[in-house]
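Residue numbers (UniProt numbering): 1 to 297. Take a look at the structure below.
Spelled out as structure tokens, the structure:
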């Protein structure tokens with residue numbers, strides 16, 4: 001992709017490294033001897049029990065709590081400020097550029113488009129949809145209209161899923177933006193109302209249609225982005241299709257468990273994901289993305 005030198009979105013909330021913080025205060029070394037004697041006395045056992053209860057209620061590490069009361073300033077733990085690698089920083093700049101491009105496309109296609117925020121995080125993150133770890137993968141939270149991604153996922157795509165390439169990464173971001181489009185259109189709210197009315201198996205069928213529509217919308221973005229910017233290069237489309245193929249439910253289940261359980265599908269098969277992204281890319285027509293009415297997924 002020819003993405004360098006283009007506009008970067010200002011709708012990026014960079015929380016990388018915020019999970020690392022300094023700990024509490026440590027013990028004064030002069031107190032270690034007296035404390036050991038105290039802990040092995042009857043009174044000491046009573047005190048230890050009390051500290052365990054208090055630390056549990058306060059959600060603190062017992063040693064950290066003791067250190068705060070008896071400490072003299074030695075840090076229990078320390079952490080250097082987060083320093084992203086050059087590769088990680090380039091991925092952050094890339095993601096901000098792709099987000100800006102989705103803004104340009106969807107502002108052109110939709111009236112009164114609300115631009116979502118992209119949250120970059122490392123390890124774990126808190127959202128309006130709850131807490132999530134990097135293992136969750138990229139996700140969109142309709143509660144706060146934000147996209148969340150740990151950039152290490154792109155490395156996982158290349159190493160574990162065999163889905164390398166910058167346009168494969170752009171497809172992932174565009175797919176999550178697709179979920180934002182569904183939120184704007186009211187589709188997500190309809191899905192939430194269905195959740196309490198259907199069995200898990202029945203709801204999974206609707207979830208597949210929701211995800212395939214997000215793939216279609218990612219394809220629509222790619223179609224209009226190419227018309228507007230000519231960012232795509234030879235092989236880029238194949239990268240996106242390969243990524244869609246790599247994250248199909250059937251392929252992921254086959255690779256992880258050796259068997260495929262269609263009733264548990266929530267995102268669609270590899271063939272379906274590739275088909276709907278390609279349809280969006282070929283047509284660029286929002287009217288052709290009704291995955292909920294068709295009998296041909």
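Yeah, the Cβ is synthetic: ideal placement off N, Cα and C, and Gly gets one too.
CA nearest to the CA of residue i, picked from the options
| i | options | result |
| --- | --- | --- |
| residue 15 | 101, 280 and 118 | 118 |
| residue 241 | 214, 84, 292 and 275 | 275 |
| residue 122 | 111, 135, 114 and 115 | 135 |
| residue 247 | 3, 169, 279 and 111 | 169 |
| residue 115 | 10, 188 and 95 | 10 |
| residue 277 | 149, 144, 209 and 128 | 209 |
| residue 178 | 166, 124, 127 and 109 | 109 |
| residue 297 | 205, 120, 95 and 149 | 205 |
| residue 188 | 167, 292 and 165 | 292 |
| residue 120 | 173, 223, 167 and 237 | 173 |
| residue 223 | 105, 149 and 207 | 105 |
Pairwise C-alpha distance: residue j and residue i
| i | j | result |
| --- | --- | --- |
| residue 81 | residue 107 | 37 Å |
| residue 70 | residue 130 | Any answer about residue 70 is weak, because its pLDDT of 44 lies below 50 and its placement is not dependable; what the coordinates show is given next. Taking the straight line from one Cα to the other gives about 36 Å. |
| residue 261 | residue 6 | 43 Å |
| residue 90 | residue 151 | 10 Å |
| residue 147 | residue 160 | 22 Å |
| residue 87 | residue 202 | 42 Å |
| residue 273 | residue 175 | 11 Å |
| residue 229 | residue 235 | 17 Å |
| residue 192 | residue 249 | 22 Å |
| residue 26 | residue 93 | Confidence is the limiting factor: at residue 26 the pLDDT is only 39, short of 50, which leaves the residue's position unreliable, though a coordinate-based value still follows. Those two C-alpha atoms are separated by around 39 Å. |
| residue 171 | residue 232 | 12 Å |
| residue 294 | residue 266 | 17 Å |
| residue 221 | residue 285 | 10 Å |
| residue 219 | residue 279 | 7 Å |
| residue 103 | residue 268 | 26 Å |
| residue 253 | residue 259 | 6 Å |
| residue 85 | residue 2 | 22 Å |
| residue 287 | residue 83 | 45 Å |
| residue 290 | residue 145 | 22 Å |
| residue 264 | residue 255 | 15 Å |
| residue 354 | residue 126 | Outside the modelled stretch of the chain, which goes from 1 to 297, sits residue 354, for which no answer is possible. |
| residue 4 | residue 194 | 43 Å |
| residue 124 | residue 13 | 14 Å |
| residue 225 | residue 251 | 29 Å |
| residue 165 | residue 190 | 35 Å |
| residue 149 | residue 17 | 13 Å |
| residue 167 | residue 237 | 7 Å |
| residue 8 | residue 113 | 18 Å |
| residue 95 | residue 207 | 26 Å |
Exposure label - residue i; buried when at least 16 CB within 10 Å
| i | result |
| --- | --- |
| residue 282 | exposed |
| residue 257 | exposed |
| residue 227 | exposed |
| residue 386 | Residue 386 is absent from the model: the chain starts at 1 and stops at 297. |
| residue 133 | exposed |
| residue 163 | buried |
| residue 270 | buried |
| residue 128 | exposed |
| residue 239 | buried |
is_contact[residue i, chain C] using C-beta, thresh 9 Å
| i | result |
| --- | --- |
| residue 179 | Absence of chain C from the displayed structure is noted, only one protein chain being present. |
* Taking three-plus beta-carbon pairs below 8 Å as touching, is the stretch 153-166 in contact with the stretch 186-203? -> no
* Asked: Touching or not, the stretch 92-101 and the stretch 207-217, by the rule of three or more beta carbon pairs under 8 Å?
  -> no
* Cβ pair count under 8 Å reaching 3, the stretch 135-155 against the stretch 177-185 -> yes
* Length-filtered (4 minimum) alpha helix (DSSP H) runs lying within the stretch 180-207 -> 187-195
* Write down every uninterrupted run of the beta strand (DSSP E) in the stretch 84-144 whose length is 3 residues or greater and which is fully enclosed by it, in chain order. => 117-120, 124-127, 130-133 and 139-141
* Going along the chain, which unbroken runs of the alpha helix (DSSP H) with 4 or more residues stay wholly within the stretch 243-280? -> 249-257
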